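Student:
In our numbering, the protein residues as written are 530 to 990.
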C-alpha cells in the first residue's frame with residue numbers, strides 16, 4: 530500500500546513537472562521565474578552567520594586559474610550561489626563539491642591527501658549514480674534519495690556534511706528538471722529519522738520525505754503569482770486559436786461546457802450561433818482572466834463584440850453592479866443568470882410544456898414549483914455555507930432563521946439550479962413515464978437582457 534502511495538506521488542510530481550516544462554517551452558518568462566525561484570532557495574540553503582566583514586573566497590588549488598579568478602572577484606554569497614548553479618549545469622564533480630564546502634565553511638584543507646580522498650569518493654558516488662540512472666531501475670527521485678544517503682554515510686568533512694549533502698541533492702534535482710527542496714527547521718527531526726531508517730536498510734521513508742517535499746515545492750511554484758500570470762497568458766492565446774475569423778460575437782463563460790445549456794439560452798435570445806463563438810474562461814479560474822481576454826480580443830479584433838457570462842451564485846445586487854460596471858468601462862456586455870446558475874433558466878413551466886406537450890400548463894407549473902420546494906433544504910444549506918463557511922454551529926444562530934426566511938421569500942433566486950434541474954427531470958420522468966428532455970432549445974428560454982444585447986450586435990443598418 531505504501532509503495533502504491535509513493536508511485537502515486539511520483540506520478541503527480543511528474544505530471545506537474547511536465548506542465549511546467551510545457552509552459553517553459555511556450556514563454557521564456559517561465560525560465561526566468563524558475564531561475565529566480567531557485568536562486569531564493571539557494572540563498573536560503575547557503576546562508577551562514579557571517580561577521581560584518583565580507584568573507585574572502587579562497588578557491589581550492591585543484592581548479593583552473595580562470596575559475597579561481599572568477600570566484601575570488603565576487604562576494605561570498607554570490608560565489609556560493611553561482612557555484613551551486615554551476616554544479617547543476619556542467620560541474621557536478623568531486624572537485625567542485627569540495628570547493629563548495631570550502632566556501633561554505635571557510636575550511637580549507639591543507640592536506641592534499643585528505644582532499645583528494647574526498648574528491649575521489651564523491652566522483653565514485655557520482656559515477657555510481659550515473660550508471661544506476663542508466664538502468665532506469667528507480668525513479669529519479671528515489672535514486673536521488675539513495676545518493677543523498679550514501680553521501681551522508683561517507684561523512685567526508687569534519688562538519689557540514691548535512692548542508693553539503695542537501696545542496697548536492699538539490700543540484701541533482703535541478704539537473705533533472707525538478708525544483709530544489711528545503712528542509713525547514715520544524716521538519717529536521719523527521720528528516721533525521723528518515724536518515725536513521727536508511728542507516729538500518731530502509732530507504733523508503735527518506736524517499737517518501739524527499740518526494741513529498743518535491744511535490745509541495747512544485748505545488749507552491751505553480752500557484753505563485755508569477756507562474757499564474759504566464760499560465761493565464763498562455764491559456765488566453767490558446768483560446769484565441771479557437772476563433773475562425775467570422776465571429777461577430779464572443780461569449781466568455783465560466784462554464785467548462787461551451788456547447789451546452791448556455792448555447793440554448795443564447796440562441797433563444799436571438800444570438801446568431803453561426804457568428805457566435807463560446808469560449809470558457811473556467812480554466813483560467815478568475816473573472817479577471819475574462820477581463821484580460823476581453824481587452825486582448827478588442828485590440829486584435831475590434832469589430833467583435835464580447836459578452837461575459839457569470840453565474841449569479843450568491844452575489845449581492847451591489848456586487849453584480851460592480852462587476853457589470855467593470856466590463857461596461859471596457860465596452861463589454863455582461864450577462865448574469867436569473868438564478869444561481871444557467872440551469873435556473875430551464876426551471877420554466879412554458880419551456881417544460883414545449884418540450885413535453887403531453888403535460889398540461891397547470892401540470893408543468895406544478896412540477897416546477899415542486900422541484901423548487903424539494904430543493905429548498907439543499908438551497909438553504911448552500912447559502913448557509915456561503916455565509917458561514919460551512920460551520921455546523923451556524924445552524925444554531927439567529928441568522929440561520931434569517932437565511933431560511935430569505936430563501937423562502939426568494940425561492941427561485943436562491944434555488945440551487947443544478948440540483949433543482951435534476952429534481953425536475955426526475956419529477957417529469959415519474960409523471961409522463963418517459964425520460965425528460967428539457968435540456969434543449971425552445972423559444973421560452975429567451976432572456977430579455979440577452980435579447981437586448983443580441984439586437985445591438987446584429988442591428989440592421
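For each residue, glycine too, the CB sits at the ideal point set by N, CA and C.
Model, not experiment: these values are computed from the prediction.
1. For residue 966, does the count of other Cβ atoms within 10 angstroms reach 16, so buried, or fall short, so exposed?
2. Am I right that residue 545 and residue 751 are in contact with their C-beta atoms under 8 Å? What's the rounded C-beta distance?
3. Taking the alpha carbon of residue 899 as the reference point, which residue from 863, 952, 694 and 847 has its own alpha carbon closest?
4. Assign residue 918 to one of two classes, buried (16 or more other C-beta atoms within 10 Å of its C-beta) or exposed (fewer than that).
5. Helix or strand or just coil, what does DSSP make of residue 770?
6. Find the nearest neighbour of residue 793 within the set 980, 538, 702 and 763, judged by alpha-carbon distance.
7. Would you mind reading off the limits of the alpha helix (DSSP H) that contains residue 724?
8. Among 806, 780 and 744, whose alpha-carbon lies nearest the alpha-carbon of residue 774?
9. With a threshold of 8 Å, are at least 3 pairs of Cβ atoms found where one atom belongs to the region 944 to 959 and the other to the region 903 to 912?
10. Between the alpha carbons of residue 797 and residue 968, how many angstroms are there, rounded?
11. Quick one: using the 10 Å Cβ neighbour count with 16 as the cut-off for buried, is residue 534 buried or exposed?
12. Could you tell me which of 670, 653 and 662 sits nearest to residue 536, measuring between CA atoms?
13. Curious, which full-length alpha helix (DSSP H) runs of at least 4 residues does the region 836 to 909 contain?
14. Assuming residue 871 and residue 840 are in contact, meaning their beta carbons sit under 8 Å apart, how far apart are those beta carbons, in whole angstroms?
15. Return the chain-ordered list of same chain residues with a C-beta closer than 7 Å to the C-beta of residue 578, the five sequence neighbours on each side being excluded.
16. Using a Cβ distance threshold of 8 Å, determine whether the region 853 to 861 contacts the region 874 to 894, with at least three qualifying pairs required.
17. Any idea what DSSP makes of residue 985, helix, strand or coil?
18. What is the DSSP secondary structure of residue 780, reduced to helix, strand or coil?
19. Beta strand (DSSP E) containing residue 753: first to last residue?
20. Take the Cβ of residue 561 as the centre, count every other Cβ of all protein chains shown within 10 Å, and call the residue buried at 16 or more, exposed below.
21. Would you call residue 709 buried or exposed, if buried means 16 or more other Cβ atoms sit within 10 Å of its Cβ?
22. Does the beta-carbon of residue 832 have 16 or more other beta-carbons within 10 angstroms, so that it is buried, or is it exposed?
23. If you scan the region 641 to 717 from start to end, which runs of the alpha helix (DSSP H) of 4 or more residues do you find wholly inside it?
24. Note down, in chain order, each residue of its chain lying with its Cβ closer than 8 Å to the Cβ of residue 907, except the 5 sequence neighbours on either side.
25. I need the DSSP call for residue 948, collapsed to helix, strand or coil.
26. Applying the 10 Å Cβ sphere with the 16-neighbour rule, what's the burial state of residue 663?
27. Given a cut-off of 8 Å on the beta-carbon distance, is the pair residue 850 and residue 869 in contact?
28. What does the alpha-carbon distance come out to for the pair residue 930 and residue 916?
29. Would you list, in sequence order, the uninterrupted beta strand (DSSP E) runs of no fewer than 3 residues that lie entirely inside the region 782 to 810?
30. Could you tell me whether the region 670 to 683 touches the region 697 to 707, using the rule of 3 or more Cβ pairs below 8 Å?
31. With residue 940 as the anchor, note down where its alpha helix (DSSP H) starts and where it stops.
32. Here's the rule: buried if 16 or more other CB atoms are within 10 angstroms of the residue's CB, otherwise exposed. What is residue 891?
33. Would you list the one or two residues that DSSP bridges to residue 834?
Tutor: Looking at the coordinates:
1. Translated into positions along the chain shown, residue 966 becomes position 437. Exposed is the call here.
2. As a position in the chain shown, residue 545 is number 16, starting the count at 1. As a position in the chain shown, residue 751 is number 222, starting the count at 1. Right, their Cβ atoms sit about 6 Å apart.
3. For this step, residue 899 is matched to residue 370 along the chain shown. The candidate whose alpha carbon is nearest that of residue 899 is 952.
4. Position 389 of the chain shown holds residue 918. Counting Cβ neighbours within 10 Å, residue 918 comes out exposed, since fewer than 16 surround it.
5. Here residue 770 refers to the residue found at position 241 of the chain shown. Three-state result, residue 770: coil.
6. Position 264 of the chain shown holds residue 793. Ranking 980, 538, 702 and 763 by Cα distance to residue 793 puts 980 first.
7. The residue given as residue 724 occupies position 195 in the chain shown. From DSSP, the alpha helix (DSSP H) with residue 724 extends over 717 to 728.
8. For the purposes of this step, residue 774 is taken as residue 245 along the chain shown, with counting starting at 1. Closest option to residue 774, Cα to Cα, is 806.
9. yes
10. Within the chain shown, numbered from 1, the residue matching residue 797 stands at position 268. Within the chain shown, numbered from 1, the residue matching residue 968 stands at position 439. When rounded, the distance between both Cα atoms is 13 Å.
11. Here residue 534 refers to the residue found at position 5 when the chain shown is read from its first residue. Counting Cβ neighbours within 10 Å, residue 534 comes out exposed, since fewer than 16 surround it.
12. Within the chain shown, residue 536 is the residue found at index 7, counting from 1. Nearest C-alpha to residue 536: 670.
13. 846 to 857, 878 to 884 and 890 to 903
14. In the chain shown, residue 871 corresponds to position 342, counting from 1. In the chain shown, residue 840 corresponds to position 311, counting from 1. Indeed they touch by this definition, with Cβ atoms about 7 Å apart.
15. The residue labelled residue 578 in the question sits at position 49 within the chain shown. At residue 578, the pLDDT of 39 sits below 50, so the modelled position is not reliable; the number obtained from the coordinates is stated separately. Excluding residues within five positions, none has a Cβ falling inside 7 Å.
16. no
17. In the chain shown, counting from the first residue as 1, residue 985 sits at position 456. In the structure shown, residue 985 sits in a helix (DSSP, three-state: H, G or I).
18. Taking the chain shown and counting its residues from 1, one reaches residue 780 at position 251. Of the three classes helix, strand and coil, the one that applies to residue 780 here is strand, per DSSP.
19. In the chain shown, the residue the question calls residue 753 occupies position 224. Where residue 753 is concerned, there is no enclosing beta strand (DSSP E), given that its DSSP letter is neither H nor E.
20. Residue mapping note: residue 561 aligns to position 32 of the chain shown, counting from 1. Counting Cβ neighbours within 10 Å, residue 561 comes out exposed, since fewer than 16 surround it.
21. Against the chain shown, residue 709 aligns to sequence position 180. It is buried - the Cβ of residue 709 has at least 16 other Cβ atoms within 10 Å.
22. Looking up residue 832 in the chain shown gives position 303. With fewer than 16 Cβ atoms within 10 Å of its Cβ, residue 832 is classed as exposed.
23. 641 to 664, 669 to 683 and 690 to 704
24. Translated into the one-based positions of the chain shown, residue 907 becomes position 378. Counting only Cβ-Cβ distances below 8 Å, and skipping sequence neighbours, we find 945 and 948.
25. Counted from its first residue, the chain shown places residue 948 at position 419. Three-state result, residue 948: helix.
26. For the purposes of this step, residue 663 is taken as the residue at position 134 of the chain shown. Exposed, because fewer than 16 other Cβ atoms sit within 10 Å of the Cβ of residue 663.
27. As a working note, residue 850 is residue 321 in the chain shown. As a working note, residue 869 is residue 340 in the chain shown. No, the Cβ-Cβ distance between residue 850 and residue 869 is not below 8 Å.
28. For the purposes of this step, residue 930 is identified with residue 401 of the chain shown, where counting begins at 1. For the purposes of this step, residue 916 is identified with residue 387 of the chain shown, where counting begins at 1. One C-alpha to the other measures close to 13 Å.
29. 805 to 809
30. yes
31. By 1-based counting over the chain shown, the position of residue 940 is 411. Residue 940 -> alpha helix (DSSP H) spans 940 to 943.
32. Here residue 891 refers to the residue found at position 362 when the chain shown is read from its first residue. It is exposed - the Cβ of residue 891 has fewer than 16 other Cβ atoms within 10 Å.
33. Locating residue 834 in the chain shown gives position 305, counting from the first residue. In the DSSP output, where bridge partners are listed per residue, residue 834 has 778.
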